[in-house]
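S.K.: Handing you this structure, nothing more for now.
Protein chains: 2
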Amino acid sequence: MYDVIIIGKGPAGLSSSIYTGRGNLKTLIIGKDSEALEKAYISNFCCAEEQTGKELIHKGIKQALDVGVDIVEEEVLDIKKESEFVITTDTKEYKSKSVIIATGKPKIKIDIPGINKYEAKGVHYCVACDGFFYKDTKVGVIGYNDYAYHEILELESITKDITLFTNGKDIEMKKENLDELKSKDININKKRIGVLEGNDYLEKISFEDGSEEEIDGIFVAYGTASSVDFARKLGITIDNQNILVDDNQQTNIPGIFAAGDCTGGITQVATAVGQGSTAGIRTKTYLQKLKK
Amino acid sequence: MYDVIIIGKGPAGLSSSIYTGRGNLKTLIIGKDSEALEKAYISNFCCAEEQTGKELIHKGIKQALDVGVDIVEEEVLDIKKESEFVITTDTKEYKSKSVIIATGKPKIKIDIPGINKYEAKGVHYCVACDGFFYKDTKVGVIGYNDYAYHEILELESITKDITLFTNGKDIEMKKENLDELKSKDININKKRIGVLEGNDYLEKISFEDGSEEEIDGIFVAYGTASSVDFARKLGITIDNQNILVDDNQQTNIPGIFAAGDCTGGITQVATAVGQGSTAGIRTKTYLQKLKK
Numbered sequence: 040m041y042d043v044i045i046i047g048k049g050p051a052g053l054s055s056s057i058y059t060g061r062g063n064l065k066t067l068i069i070g071k072d073s074e075a076l077e078k079a080y081i082s083n084f085c086c087a088e089e090q091t092g093k094e095l096i097h098k099g100i101k102q103a104l105d106v107g108v109d110i111v112e113e114e115v116l117d118i119k120k121e122s123e124f125v126i127t128t129d130t131k132e133y134k135s136k137s138v139i140i141a142t143g144k145p146k147i148k149i150d151i152p153g154i155n156k157y158e159a160k161g162v163h164y165c166v167a168c169d170g171f172f173y174k175d176t177k178v179g180v181i182g183y184n185d186y187a188y189h190e191i192l193e194l195e196s197i198t199k200d201i202t203l204f205t206n207g208k209d210i211e212m213k214k215e216n217l218d219e220l221k222s223k224d225i226n227i228n229k230k231r232i233g234v235l236e237g238n239d240y241l242e243k244i245s246f247e248d249g250s251e252e253e254i255d256g257i258f259v260a261y262g263t264a265s266s267v268d269f270a271r272k273l274g275i276t277i278d279n280q281n282i283l284v285d286d287n288q289q290t291n292i293p294g295i296f297a298a299g300d301c302t303g304g305i306t307q308v309a310t311a312v313g314q315g316s317t318a319g320i321r322t323k324t325y326l327q328k329l330k331k
Numbered sequence: 040m041y042d043v044i045i046i047g048k049g050p051a052g053l054s055s056s057i058y059t060g061r062g063n064l065k066t067l068i069i070g071k072d073s074e075a076l077e078k079a080y081i082s083n084f085c086c087a088e089e090q091t092g093k094e095l096i097h098k099g100i101k102q103a104l105d106v107g108v109d110i111v112e113e114e115v116l117d118i119k120k121e122s123e124f125v126i127t128t129d130t131k132e133y134k135s136k137s138v139i140i141a142t143g144k145p146k147i148k149i150d151i152p153g154i155n156k157y158e159a160k161g162v163h164y165c166v167a168c169d170g171f172f173y174k175d176t177k178v179g180v181i182g183y184n185d186y187a188y189h190e191i192l193e194l195e196s197i198t199k200d201i202t203l204f205t206n207g208k209d210i211e212m213k214k215e216n217l218d219e220l221k222s223k224d225i226n227i228n229k230k231r232i233g234v235l236e237g238n239d240y241l242e243k244i245s246f247e248d249g250s251e252e253e254i255d256g257i258f259v260a261y262g263t264a265s266s267v268d269f270a271r272k273l274g275i276t277i278d279n280q281n282i283l284v285d286d287n288q289q290t291n292i293p294g295i296f297a298a299g300d301c302t303g304g305i306t307q308v309a310t311a312v313g314q315g316s317t318a319g320i321r322t323k324t325y326l327q328k329l330k331k
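Take a look at the structure:
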């Protein structure tokens, strides 16, 4: 059991971890490298030497390790709040008393005509949140990797008629996961999607090759789960794709903090590091109060 | 005329200036060295090498100079808002379209028994704000340097019976300023103050040597003018000695931003640098809107 799990290995998450680690909180960072930042050359970060993003992150990682922080390069697939927080990655499951989300700015992951029109009217982004609307109906998951696999597993208890739509992508999933989907008769459709159609609600998917498929609902789990995807699962208030936080970087859910680009504002290393330090310190305050 | 004047040469002010300088805003930093930070060893500032405060500030100054920022080592004595902002230092006067206050955490400057009891009831901190209550009365200024001199000049148009109380300190004032005070018959009292006394309102000062002096009001201008002193002069909302700012580091007065320890929160280099970058970027946005 960790005191705090930090999701994201960029400047915000690393800065948080330096404070929680120094504050004797058992801390785990789960994150993958950020290619965009690593390629950047950072000269506007005050009071640090000019350096590449790669050097900058390397320094942060060294500082985190020096204060006893654990770091794993895994992909987070799911977060649940039970008596503690349970975080499922592509490799294993971790538990913690608090969470800091520092996953950077969510990218627009898929752009299919009609996807916005039917949002919440057949198009959804979180099985745990909206899956129960689709009991025993015909549903699809748009995705191609272990994140999609994880959403399909969640859907299975709701309906048996599930199709994985890869939208033209090859499947990039652990072999045992793909084998499991096949053994469970999950349909796999690799055609490129042309447009989502219906009247008030989604009714069918039209593919670029002219074929169609009727569908009651689809769940988007395309690429990597973003901060907004996690936030949805946890009931965190989102404003215009940003996680809403107060001056202490705390979300509306006790024990969950967020810092850096995923909270909106200016997307700068300086602000990420600053907000990260606040999140780290305030997480410690939160856990101290919890003990009493 | 500057686009922006930044008061304070610590991590917050320097970080702001890097952004305003890169944004082609004509930028001036007015500040003195911070001895407290310079002596510190900073190891919790993420993604920067471990370094002394002195090295850290030196790097920030180099970054600021590299983007064309002017830096002067002067002491700010007064800020006024006319058609633009007018900032008076111990050396000269500067004008700007916007101001970023980044002066660090105000220290408790003087601790005299009774000083809190009579606050706003005979004890004041801003002649420009409260001087008019004391027309033709007997007033004192507690101080010893050019900041006190400046407050006395402001008082002169209100009353002629003015005493400078140094509270045991030697006078550290430019010779011409001291000469001017003497030529104007300003009384100088160098005794150590024991206690401020009165009933509902301040009535007299008792000195440690047992002597007393009746007084109608005193203005504290002891040491260096702090962020809170500037804020009072400008009508900025203060909360518990901190300057109140919004998510954009903007105060309630258009064109005035604040960043770093003077805005409260955790007093860390990381947050100062982060807030400074936001203040710099938002000042640019403010000036762009002003042009339209």
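Chains as they are written, first to last, in our numbering: chain A, 40 to 331; chain B, 40 to 331.
In this text, a Cβ means the ideal position worked out from N, Cα and C, and glycines have one as well.
Establish whether the CB of LEU326(A) and some CB of chain B are separated by less than 8 Å.
M.R.: Position 287 of the first sequence, counting from 1, holds the residue named residue 326(A). No, LEU326(A) does not count as interfacial toward chain B.
S.K.: Does any C-beta atom of chain B lie closer than 8 Å to the C-beta of VAL308(A)?
M.R.: For the purposes of this step, residue 308(A) is taken as the residue at position 269 of the first sequence. Yes, VAL308(A) lies at the interface with chain B (some Cβ there is under 8 Å from its Cβ).
S.K.: When the Cβ atoms of the stretch 284–291 of chain A are set against those of the stretch 314–323 of chain A, are three or more pairs found closer than 8 Å?
M.R.: Counting Cβ pairs under 8 Å, three or more are found: they touch.
S.K.: Could you confirm whether any beta carbon from chain B is found closer than 8 Å to the beta carbon of ARG231(A)?
M.R.: Here residue 231(A) refers to the residue found at position 192 when the first sequence is read from its first residue. Not closer than 8 Å to any Cβ of chain B, the Cβ of ARG231(A) fails to qualify, so no.
S.K.: Is DSSP giving SER34(A) helix, strand or coil here?
M.R.: The requested residue 34(A) does not occur in the structure, where chain A is confined to residues 40 to 331.
S.K.: Given a limit of 7 Å on CB to CB distance, which residues of the stretch 84–95 of chain B reach chain A?
M.R.: Listed by position, the residues of the stretch 84–95 of chain B near chain A (Cβ gap below 7 Å) are CYS85, CYS86, ALA87, GLU88, LEU95.
S.K.: Among residues of its own chain, excluding the 5 on either side of ALA103(B), which ones have a beta-carbon nearer than 7 Å to its beta-carbon?
M.R.: As a first step, residue 103(B) must be located in the second sequence, where it is residue number 64. Closer than 7 Å at the Cβ level, and outside the excluded window around ALA103(B), lie LEU53, SER56, ILE57, GLY60, ILE68, ILE110.
S.K.: Between THR130(A) and ILE46(A), which are expected to be in contact by the criterion C-beta below 8 Å, what is the C-beta distance as a whole number of angstroms?
M.R.: Position 91 of the first sequence, counted from the first residue, corresponds to residue 130(A). Position 7 of the first sequence, counted from the first residue, corresponds to residue 46(A). Going by Cβ atoms, the distance from THR130(A) to ILE46(A) rounds to 14 Å, so no, they are not a contact pair.
S.K.: Ends of the beta strand (DSSP E) at SER137(B)?
M.R.: Translated into positions along the second sequence, residue 137(B) becomes position 98. Where SER137(B) is concerned, the enclosing beta strand (DSSP E) stretches over 132–140.
S.K.: Counting only runs that start and end within the stretch 199–250 of chain A, where is the alpha helix (DSSP H) found for 4 or more residues in a row?
M.R.: Listed in chain order, they are 214–222.
S.K.: Of the choices CYS85(A), VAL106(A), CYS86(A), SER73(A), whose alpha-carbon is the least far from that of GLY92(A)?
M.R.: Reading the first sequence from its first residue, position 53 is the one you call residue 92(A). Answer by Cα proximity: SER73(A).
S.K.: Using the Cβ count rule (16 or more neighbours within 10 Å means buried), how would you classify LEU273(B)?
M.R.: Residue mapping note: residue 273(B) aligns to position 234 of the second sequence, counting from 1. By the 10 Å Cβ count, LEU273(B) comes out buried.
S.K.: Following the continuous beta strand (DSSP E) through PHE124(A), name the residue where it begins and the one where it ends.
M.R.: Indexing the first sequence from 1 puts residue 124(A) at position 85. It spans 124–128 - the beta strand (DSSP E) in which PHE124(A) sits, taken as one unbroken run.
S.K.: Specify, as a first and last residue, the run of the beta strand (DSSP E) that LEU67(B) falls within.
M.R.: For the purposes of this step, residue 67(B) is taken as the residue at position 28 of the second sequence. Looking at the DSSP string, the run of the beta strand (DSSP E) that includes LEU67(B) is 66–69.
S.K.: May I ask you to verify whether the stretch 216–227 of chain A touches the stretch 187–200 of chain A, counting CB pairs closer than 8 Å and requiring at least 3?
M.R.: Yes, the stretch 216–227 of chain A touches the stretch 187–200 of chain A.
S.K.: Who pairs with ALA297(A) in a beta bridge, going by DSSP?
M.R.: Working through the first sequence from its first residue, we reach residue 297(A) at position 258. ALA297(A) pairs with ILE140(A).
S.K.: Residues in its own chain within less than 8 Å of SER82(B) by CB, not counting five upstream and five downstream?
M.R.: Within the second sequence, residue 82(B) is the residue found at index 43, counting from 1. Here the set comprises GLU89.
S.K.: Starting from the C-beta of ASN226(B), find all residues in its chain whose C-beta is less than 6 Å away, skip the five residues before and the five after it, and write them out in chain order.
M.R.: Translated into the one-based positions of the second sequence, residue 226(B) becomes position 187. Within the same chain, ASN226(B) has close Cβ partners THR202.
S.K.: Quick check: LYS243(A) and GLY207(A), are their CB atoms within less than 8 Å of each other?
M.R.: One-based indexing of the first sequence puts residue 243(A) at position 204. One-based indexing of the first sequence puts residue 207(A) at position 168. Contact: no.
S.K.: Measure from the C-beta of LEU53(A) to each C-beta in chain E and report whether the shortest distance is under 8 Å.
M.R.: Checking the listed chains, one finds no chain E in this structure; the protein chains it contains are A and B.
S.K.: Using the rule of at least 16 other Cβ atoms within 10 Å of the residue's Cβ for burial, across every protein chain shown, is SER122(B) buried or exposed?
M.R.: The residue given as residue 122(B) occupies position 83 in the second sequence. The residue is exposed, with fewer than 16 neighbouring Cβ atoms inside 10 Å.
S.K.: On the premise that ILE257(B) lies in contact with ILE181(B), defined as a C-beta separation below 8 Å, what is that separation, rounded to the nearest angstrom?
M.R.: As a working mapping, residue 181(B) is identified with position 142 in the second sequence. As a working mapping, residue 257(B) is identified with position 218 in the second sequence. Going by Cβ atoms, the distance from ILE181(B) to ILE257(B) rounds to 6 Å, so yes, they are a contact pair.
S.K.: With a threshold of 8 Å between beta-carbons, can VAL259(A) be considered close to chain B, or not?
M.R.: Numbered from 1 along the first sequence, position 220 holds the residue referred to as residue 259(A). No, no contact with chain B.
S.K.: At 4 residues or longer, what runs of the alpha helix (DSSP H) sit wholly inside the stretch 155–186 of chain B?
M.R.: Here the runs fully enclosed are 166–169.
S.K.: Would you mind working out which of LYS330(B), GLY170(B), GLY294(B), ILE277(B) sits nearest SER135(B), comparing C-alpha positions?
M.R.: If you number the second sequence from 1, residue 135(B) lands on position 96. Answer by Cα proximity: GLY294(B).
S.K.: When the Cα atoms are used, what is the spatial distance from ASP200(B) to GLY70(B)?
M.R.: On the second sequence, position 161 is the one that residue 200(B) refers to. On the second sequence, position 31 is the one that residue 70(B) refers to. So the alpha carbons of these two residues sit roughly 33 Å apart.
S.K.: From PHE124(B) to GLY49(B), what distance separates their C-alpha atoms?
M.R.: Translated into positions along the second sequence, residue 124(B) becomes position 85. Translated into positions along the second sequence, residue 49(B) becomes position 10. Roughly 21 Å separates the two Cα atoms.
S.K.: Please report the straight-line C-alpha distance between PRO152(B) and PHE171(B), rounded to a whole angstrom.
M.R.: To locate residue 152(B), count along the second sequence from 1; it is residue 113. To locate residue 171(B), count along the second sequence from 1; it is residue 132. Looking at the two C-alpha atoms, the distance is approximately 25 Å.
S.K.: Pull up the distance between the alpha-carbon of LYS223(B) and that of PHE269(B), whole angstroms please.
M.R.: On the second sequence, residue 223(B) is found 184 positions in, with the first residue counted as 1. On the second sequence, residue 269(B) is found 230 positions in, with the first residue counted as 1. So the two alpha carbons sit approximately 27 Å from each other.
S.K.: Reducing DSSP to helix, strand and coil, say where GLU252(A) ends up.
M.R.: Looking up residue 252(A) in the first sequence gives position 213. Strand, per DSSP.
S.K.: In whole angstroms, give me the CA-to-CA distance for ALA297(A) and ASP185(A).
M.R.: Here residue 297(A) is taken as the residue at index 258 of the first sequence, counted from 1. Here residue 185(A) is taken as the residue at index 146 of the first sequence, counted from 1. Going from the Cα of ALA297(A) to the Cα of ASP185(A) covers about 24 Å.
S.K.: Counting along the chain, where does the beta strand (DSSP E) carrying TYR41(A) start and finish?
M.R.: Locating residue 41(A) in the first sequence gives position 2, counting from the first residue. It spans 41–46 - the beta strand (DSSP E) in which TYR41(A) sits, taken as one unbroken run.
S.K.: Leaving out five residues before and five after THR276(A) in sequence, what residues of the same chain have Cβ atoms less than 6 Å from its Cβ?
M.R.: To locate residue 276(A), count along the first sequence from 1; it is residue 237. Taken in chain order, the residues that qualify are LEU283, ASN291.
S.K.: Hey, quick one: how far does the beta strand (DSSP E) through ASP117(A) stretch, first residue to last?
M.R.: Along the first sequence, read from residue 1 onward, the residue named residue 117(A) stands at position 78. Start and end: 115–120.
S.K.: Determine the direct distance from the alpha carbon of ARG271(A) to that of LYS177(A), and round the result to whole angstroms.
M.R.: Position 138 of the first sequence, counted from the start, is the residue given in the question as residue 177(A). Position 232 of the first sequence, counted from the start, is the residue given in the question as residue 271(A). Rounded to whole angstroms, LYS177(A) to ARG271(A) spans 23 Å at the Cα level.
S.K.: Are the C-beta atoms of ILE110(B) and some chain A residue less than 8 Å apart?
M.R.: By 1-based counting over the second sequence, the position of residue 110(B) is 71. So, not an interface residue.
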